[in-house]
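*Asks:*
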Amino acid sequence: MKIVCLGGGPAGLYFGLLMKLQNPANEVTVIERNRPYDTFGWGVVFSDATMQNLAEADPVSAETIVDAFSHWDDIDIHYKGRTLRSGGHGFIGIGRKHMLNILQARCEEVGVKLVFETYVEDDQKVAIDYDADLVIASDGLNSVVRKRYADTFKPDIDTRRCRFVWLGTTKVFDAFTFAFVETEHGWFQAHAYRFEDGMSTFIVETLDETWQAAGLETMSQEEGIAYCEKLFAPWLDGHKLISNATHLRGSAIWIRFPRVICNGWVQWNELDTPRGQRKVPVVLMGDAAHTAHFSIGSGTKLALEDAIELARCLKDTSSLQAGLKHYEDVRSVEVLKIQNAARNSTEWFESVARYANLEPEQFAYSLLTRSQRISHENLRMRDAAWLEGYEKWVAGRTGVEVSHGKRPPMPMLTPFKARGVTLANRIVMSPMAMYSCVDGAPGDFHLVHLGSRAMGGAGLVMVEMTCVSPDARITPGCPGMWNDAQGAAFKRIVDFVHGNSNARIGIQLGHAGRKGSTRLAWDGIDQPLPADNWPLVAASAVPYIEGVSQVPRAATRADMDRIRGDFVAAAKRVAAAGFDWLPSASPPRASTGSNCTAPTATCCRPSSRR
Ligand SMILES: Cc1cc2nc3c(=O)[nH]c(=O)nc-3n(C[C@H](O)[C@H](O)[C@H](O)COP(=O)(O)OP(=O)(O)OC[C@H]3O[C@@H](n4cnc5c(N)ncnc54)[C@H](O)[C@@H]3O)c2cc1C
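If you count by my numbering, then the sequence shown holds residues 36 to 645, one letter each, in order.
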């Protein structure tokens, strides 16, 4: 088979290498625009698991790469004058240049032809010139091939909210380092890690609006770097930050990360080749096909694993078409898994201001678990002592005494206090419309539905949206609080919960507005009742579903006064029934214990009740 890889980054080189190893008769060429030792970027990190995949695919290059790796376990989080270190994370770092040189040497050793300093403008011309059977578009993030066949690949590019710059430094960090600095314009963060003797990667990231407000947009490259050096001076110990993107001018080194997803990865072109008219596929690989935010360090891993998978698919298949289809099917799912974690991580770093009121312990915990691939128990496997320290800290903050030698409770099982109400734990049964009331009154169904979860150990059970008047109902099965019979029916449930569990019970009051007078969910959600519809009142005379829903009457001043009165009367019944918690529309004032992210709440009962 004749194979041409357009782009000699990790994807193109590694795929070329594997295909040559698979069958020495394969004629493989990698075309790269740069010179052999020119490349952007500094170090990249892998997890230990990625190395395992490489060792299976080509033990020889894997061994050379492992020898060149810096290995470390710790993450340092520098935040508000504190440094928190957690271990057991198992990273390996290598200079991008070094890794590419290892792959280039290995390619040459096995007979892959490397063509440098050649910019590919037309993939079809290359396919014809090399009489190729397969063309790999491994031309990176700004892939010209992806752009050319956008109709087939249907790229979805989401340009993210932060700007970042990929710098290097001679300061050697002994842990993966996150440093956060607040300026008058907003937060800046550095992601730094050692990748070879005497060198570290240093990525600076901030929201685009912060970047602009700080004036970085109008600074020269040197001025921008000097700004970062000043900002992160406490961590640089006098070392310089260095750019190797010297071909870029001014602030162009600051990039907004583009998240790339492609809906198709293979384009077939009918070409007039030296072996006659043939269909030749061009296949996306690596960053050309997808990207994963640098904060989870997976871009190179994905590129290399694409190469491994395609080589495997082509080995095991009877036809090129079937092999390529399998490659696309398998890899697009694997990539989505990583991109999901990467999106969580991206959003976390875009939202640093949101976490900025957390104390360092909580901030660190939130950072470490941000991608949702590392859970609480996974942190315990990585660094049990750190996690136990964190659990003790949470326990202390919530007033739980942990006797010597005893394990502290999981944070989720510590009490939560909001105004006058203390929940036994942070497990809340969310309100869910059940459509099971008769004339707005809850019966045995709700007694069991709410009572059983309360007895099951939830700290709080929430009653679904409960309507303040008959015309405030969504469906005829919705609960109501507009008469005393309903108040009494709820009191029976509240008394049961209080008498048989440690749970608190809350309730939501609401008004359906234009969404009212519809069928029970299982009879046709959001559809008007077949008969006996009641007139609707809403903020505007706009139907919920155009052409389907009833058109409501726009509320008059008198309607609004009546509805406000309904809410007041219902709230009084809620209090009389003994509920502990009633979410309201007032700004949140609840906050104690720790991390109060509870809905705005009115607590109906004093905490001293039990
Ligand atoms: C700041 C930052 C930090 C990162 N950190 C990590 C990390 O820690 N770990 C990690 O795994 N990944 C990391 N990545 C991602 C990683 O660099 C990429 O995902 C990876 O390099 C993708 O490999 P690739 O071969 O698909 O593309 P590239 O590495 O981009 O290679 C594409 C190659 O094609 C060449 N090329 C492009 N167009 C043409 C053309 N028309 N003609 C000829 N040649 C062409 C380019 O010169 C380049 O050599 C990071 C990325 C960034 C931006």
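The beta carbon of each residue, even a glycine, is placed where N, CA and C say it ideally should be.
Going by the beta-carbon positions, is the gap between LEU564 and SER552 smaller than 7 Å?
*Replies:* Yes, these two residues count as a Cβ contact at 7 Å.
*Asks:* With a threshold of 6 Å (Cβ to nearest heavy atom), would ALA225 be considered close to ligand 1?
*Replies:* False, no ligand heavy atom lies under 6 Å from that Cβ.
*Asks:* Which value, in whole angstroms, describes the spacing of the CA atoms of VAL101 and MET86?
*Replies:* Approximately 8 Å between the Cα atoms of the pair.
*Asks:* Can you give me the start and stop residues for the alpha helix (DSSP H) that TYR262 sits inside?
*Replies:* Looking at the DSSP string, the run of the alpha helix (DSSP H) that includes TYR262 is 256–266.
*Asks:* In chain order, which alpha helix (DSSP H) runs of at least 4 residues are fully inside the segment 425–483?
*Replies:* Correct list: empty.
*Asks:* Look at the alpha carbon of GLU264 and the alpha carbon of ARG141, and state the distance between them as a whole number of angstroms.
*Replies:* Cα to Cα, the separation comes out at about 38 Å.
*Asks:* Just mark ASN413 as buried or exposed, buried being the case when its beta carbon has 16 or more other beta carbons within 10 Å.
*Replies:* ASN413 comes out exposed.
*Asks:* Indicate, with yes or no, if ligand 1 has a heavy atom lying under 6 Å from the CB of ILE288.
*Replies:* Flag unset: Cβ of ILE288 not near ligand 1.
*Asks:* Starting from ASP102, follow the beta strand (DSSP E) in both directions and report where the run begins and ends.
*Replies:* Not the beta strand (DSSP E): ASP102 falls in the alpha helix (DSSP H), residues 94–103.
*Asks:* Okay, do the segment 329–348 and the segment 370–379 touch, 3+ Cβ pairs below 8 Å being the bar?
*Replies:* Output reads yes: the segment 370–379 touches the segment 329–348.
*Asks:* Would you mind sorting TYR154 into buried or exposed? The rule is 16 or more other CB atoms within 10 Å of its CB.
*Replies:* Per the 10 Å Cβ criterion, exposed.
*Asks:* Quick check: is any heavy atom of ligand 1 less than 6 Å from the C-beta of ASN136?
*Replies:* ASN136 Cβ: outside cutoff for every heavy atom of ligand 1.
*Asks:* Kindly indicate which three-state DSSP category HIS106 falls into: helix, strand or coil?
*Replies:* Here HIS106 sits in strand by DSSP.
*Asks:* Which one or two residues does DSSP pair with GLY541 in a beta bridge?
*Replies:* Its beta-bridge partners are MET497, TRP616.
*Asks:* Which residues in the same chain as GLY191 place their Cβ atom closer than 6 Å to its Cβ, once the five residues preceding and following it in sequence are excluded?
*Replies:* With the sequence shown as reference, residue 191 is identified as Asp, and Gly is not the correct amino acid for it. Cβ neighbours of ASP191 beyond the five flanking positions: ILE296.
*Asks:* Helix, strand or coil for LEU202 per DSSP?
*Replies:* Three-state DSSP puts LEU202 in a strand.
*Asks:* At a cut-off of 6 Å, would you count ASP174 as near ligand 1, judging by its Cβ distance to the nearest heavy atom?
*Replies:* Yes; taking the cut-off as 6 Å, the Cβ of ASP174 has a heavy atom of ligand 1 nearer than that.
*Asks:* With a cut-off of 8 Å, do at least 3 Cβ pairs link the segment 215–225 to the segment 236–244?
*Replies:* With the cut-off at 8 Å, the segment 215–225 and the segment 236–244 touch.
*Asks:* Look at the alpha carbon of ARG624 and the alpha carbon of ILE462, and state the distance between them as a whole number of angstroms.
*Replies:* Caution is warranted here: a pLDDT of 37 is assigned to ARG624, below 50, making its placement in the model unreliable, and the coordinate value is therefore given only provisionally. Answer to the nearest angstrom: the Cα atoms are 20 Å apart.
*Asks:* Could you please give the first and the last residue of the uninterrupted beta strand (DSSP E) stretch that includes TYR228?
*Replies:* Element bounds for TYR228: 221–231.
*Asks:* What is the rounded straight-line gap between the Cα of VAL583 and the Cα of GLN562?
*Replies:* The straight-line gap from Cα to Cα measures roughly 7 Å.
*Asks:* Regarding PHE525 and ligand 1, is the C-beta to nearest heavy atom distance less than 6 Å?
*Replies:* Outside the cutoff, so no.
*Asks:* Near ALA324, what residues of its chain come up, given a Cβ to Cβ distance below 6 Å and the 5 sequence neighbours on each side ignored?
*Replies:* Within the same chain, ALA324 has close Cβ partners CYS297, TRP300.
*Asks:* ARG195: which of GLY250, ILE112, GLU144, ARG294 sits nearest, CA to CA?
*Replies:* For the residues GLY250, ILE112, GLU144, ARG294, the minimum Cα distance to ARG195 belongs to ARG294.
*Asks:* Contact between the segment 589–603 and the segment 434–441 is defined here as three or more beta-carbon pairs at a separation below 8 Å; is this criterion met?
*Replies:* The segment 589–603 vs the segment 434–441: no contact.
*Asks:* Determine whether the beta carbon atoms of GLY123 and ASP108 lie at a separation below 7 Å.
*Replies:* Cβ distance < 7 Å, so GLY123 and ASP108 count as in contact.
*Asks:* With a Cβ-Cβ cutoff of 7 Å, do VAL39 and VAL161 count as a contact?
*Replies:* Contact flag set, yes.
*Asks:* If we count the other Cβ atoms within 10 Å of its Cβ and call it buried at 16 or more, is SER621 buried or exposed?
*Replies:* For SER621, the pLDDT reaches just 43, beneath the cut-off of 50, and the residue's location in the model is therefore unreliable, although a value from the coordinates is still provided. Classification of SER621: exposed, given that the 10 Å Cβ count is below 16.
*Asks:* Taking just the CA atoms, how far does ASN136 sit from ARG68?
*Replies:* Spanning the two alpha carbons is a distance of roughly 15 Å.
*Asks:* Please name the residue in ASP158, ILE163, ASP193, CYS197 whose C-alpha comes closest to that of TYR184.
*Replies:* Nearest of ASP158, ILE163, ASP193, CYS197 to TYR184, Cα basis: ASP158.
*Asks:* Between the segment 455–470 and the segment 486–497, do three or more beta carbon pairs fall short of 8 Å?
*Replies:* Flag = yes, the segment 455–470 and the segment 486–497 touch.
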